[in-house]
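Going left to right, the sequence shown walks through residues 15 to 166 as our numbering numbers them. Cβ atoms here follow ideal geometry from the backbone N, Cα and C, with glycine treated the same way.
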Amino acid sequence: MGIGTMELVVMLVVAFLVLGPERMVTYARKLGRFLRIVKIYLGSMTEDLRETVIEPLEELQEPLKEMTKPLTDLTKETEATVSGIKRTINKDASTAKKTAEITDNSAETEAEDEELEMAELVEEVSDSPSIKADVDDAGDGTEEADLVKTAK
């Protein structure tokens, strides 16, 4: 919490009105001496606090840092290893996915090739004169003829 410029001006005006111009100079000197003493006192307190509390704590922290350094190093190594494994797994997964896509595409291509071969075979068979003769000899040939037509 600080004192702003406006607050300082208001305090000076009030002090001027209450004390008057003659006593204002005397109280300003007294206030300056008081603030100087407070500053010296706070400076010595800060130095004492630093010597008695902060420096011993820093000395205690050094061995603790040395003790935890292997754990910190181990943690970093473990994180690096885990991230390497994750990269490998992701790489293998993407490779497996691509392989599966290629396999699926080749399976679809094989199925299409088999259907094409079957259609060509049925066409060859239906165009064969001996098959036509067998169909004609079988009777009216409607069922066989229907089968041949559906195969085309």
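Tell me whether residue i counts as near the ligand ATP, meaning its Cβ is closer than 7 Å to at least one heavy atom of that ligand.
| i | result |
| --- | --- |
| M20 | Summarising the ligand content, the structure contains no ligands, and the ligand ATP is consequently not present. |
If the criterion is Cβ atoms closer than 8 Å, does the pair residue i and residue j meet it?
| i | j | result |
| --- | --- | --- |
| M38 | F48 | no |
Tell me which residues share the same chain as residue i and place their Cβ nearer than 8 Å to its Cβ, disregarding the 5 neighbours each side in the sequence.
| i | result |
| --- | --- |
| K105 | none |
Between residue i and the rest of its own chain, which residues show a CB-CB distance below 7 Å, the 5 nearest in sequence each way excluded?
| i | result |
| --- | --- |
| E72 | none |
| L33 | Y41 |
| D127 | none |
| V99 | According to the sequence shown, residue 99 is Ile rather than Val. Result list for I99: empty, nothing under 7 Å. |
Leaving out the 5 sequence neighbours to the left and right, which residues in its chain are closer than 6 Å to residue i when beta-carbon positions are compared?
| i | result |
| --- | --- |
| L45 | none |
To test your reading of the DSSP string, which unbroken beta strand (DSSP E) runs of 3 or more residues are found completely within the stretch 31–88? Those beta strand (DSSP E) runs which fall completely within the stretch 31–88 and span 3+ residues do not exist here.
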